[in-house]
Amino acid sequence: MKFAFSILLSLVAITLLPAQAATKVSSYAQAQAGLNDDGYAVFIYGKGWDKRAEANMTALYNAPAVLQATGNAALMLVPLPESMSPEQKEALGNTMGKLQLPHPHSKHSFPAVVLYDKSGRQYGIVCGPPMVYPEAERIARLISARRAAKARQDGLMARADAAQGEERAKLLLQAAQVENIERPYKVEQLIKEADPEDKSGCLAALKFHNNPVGDKIKEMPIFEALATMDAAISNPLHTVQQKQNACAFAIGLIRRRFGTGPAEAIAHYARLMKELNPTSVLGRSADVVMRDWTTGMQLVRGWAPDSLPLPGVAGELHGKLPLGPAGKYEVRLEPTRGKHPAKVSRVALYDGDTLVSEDTRSFTLTTPASYFVTAEKELLRPRLFITFDNGEKERDTRGNFIVRKH
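For the sequence shown, position 224 matches number 215 in the working numbering, and the numbering has no gaps at all.
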């Protein structure tokens, strides 16, 4: 009876074993005998300079969930001394073989699980915050996600191999844009060969970071520059990350050249940045941008060079405005100092988003000027917008606002 029960337990245990089985090896050379398409998973930790890393990485190296996640890969546990003697360098070289440590300029830290394909190319890494208090299940999920991403990339590369011209370039770009893993080997060169004149725009999209024209944008008039950024943000070849980078660049461009006065423009790009991916670093930063960089014009502070809106664009006057009851209102602008006179072409009264009244006379304010707007009925959410026409090089102007019932 005990023998039969023992046999039953053995059968149950067999059924619970993972369908895939990683192979633990001590060196690159040892891995070659059983190497397969799952490549290598190398568990690297700081030897002698990270006290917890060896225990943590050894635990991960032996964790069933992690073993399952690595598939049929060859697994190595590799200590990495901080300052290596010639003997240690030789020992590390013998262990790693043709596998290279992550590039010094890449975004990596140790401890790490570094994933290599069968050829020895690094395609993924798990490091950073998840490794501070590494939980086997979490690390396993991250490894699985990277292996799944590689499978998607491999599928796109296979399709690209069967295509030509612009279609091949587009598939290569998609393969390069798979998240959480490295780009395919020499993908830029492959795209150039497939589409030498870049008619598809894929090569430009591959190289795009945050601004499609480089330093030239510094010399562009602001609206031309922003139109260039808008085109980048709406480019379907760009990833969400690239589009968010473009939003952040546009915000910085406005902020550096015009201060926080163009509140509506800054808020527009911040909202868009958040909508693209609210959980990313840039998506989360959008709320801070809208809080700190959209003060605009304030009734109690008047106007100044860094609080004016963009030229020809209506900027909202914020503060406790004495508006509400039906009647006629005076909006008086009194210049106080500055090398350039303020140029004003419109004052508009809104109730929420509805235009109620506007005064479109143009004044160059060498002396005070008054605009007049009228509310035919009580305003539920009164708002004032003022349009300044001062260009980028003529914004040294300061003054006060006075708003009162006439």
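Yeah, the Cβ is synthetic: ideal placement off N, Cα and C, and Gly gets one too.
Below 8 Å, enough C-beta pairs join the region 153 to 173 and the region 186 to 198 to call them touching: three or more. Ranked by Cα distance from G205, the first of G39, L244, V335 and A185 is L244.
Rounded to the nearest whole angstrom, the CA to CA distance from P227 to D221 is 12 Å. The Cβ-Cβ distance between Q168 and T230 falls below 8 Å.
Rounded to the nearest angstrom, the Cβ distance from S336 to S348 is 16 Å, too far for a contact under 8 Å. At the C-beta level, D342 and L370 come within 8 Å of one another. The beta carbon of R389 sits closer than 8 Å to those of G293, W294, A295, P296, P326, T327, R328 and G329, all from its chain and outside the five residues before and after it, given in chain order.
Excluding its 5 nearest sequence neighbours in each direction, N27 has C-beta neighbours in its own chain below 6 Å: N63, listed in chain order. N381 counts as buried, since no fewer than 16 other beta carbons sit within 10 angstroms of its beta carbon. Its Cα nearest to that of R112, the residue K89 stands out among P102, K89, R386 and P121. The three-state reading of DSSP puts I172 in coil, since its state is none of H, G, I, E or B.
A Cβ-Cβ distance of about 5 Å is found for the pair A65 and V16, placing them in contact under the 8 Å criterion. With respect to the 8 Å criterion, R247 and H331 are not classified as neighbours on the basis of their beta carbons.
The bridge partners DSSP lists for E307 are F376. Per the C-alpha coordinates, the member of Q233, I182 and P212 positioned closest to V272 is Q233. Taken through DSSP and simplified to helix, strand or coil, V291 comes out as coil. Counting along the chain, D145 sits inside the alpha helix (DSSP H) bounded by residues A127 to D152.
The count of Cβ pairs closer than 8 Å, one atom from the region 313 to 322 and one from the region 349 to 368, reaches three, so the stretches are in contact. Contact check for L308 against M288 passes: the beta carbons are separated by less than 8 Å. For P72, the enclosing beta strand (DSSP E) starts and ends at A65 to P72.
Residue pairing for G318: DSSP places it in a beta bridge opposite A366. When the beta-carbon positions are compared, N268 and Q235 come within less than 8 Å of each other. Secondary structure note for E45: it is in no beta strand (DSSP E), and the uninterrupted alpha helix (DSSP H) holding it is A44 to N53.
For E349, DSSP records a beta bridge to A339. Counting C-beta atoms within 10 angstroms of its own C-beta, G25 has fewer than 16 neighbours from the protein chains shown and is therefore classed as exposed. Scanning its chain for C-beta atoms nearer than 6 Å, with the 5 sequence neighbours on each side dropped, one finds no residue around E215. Where N236 is concerned, the enclosing alpha helix (DSSP H) starts and stops at V231 to F249.
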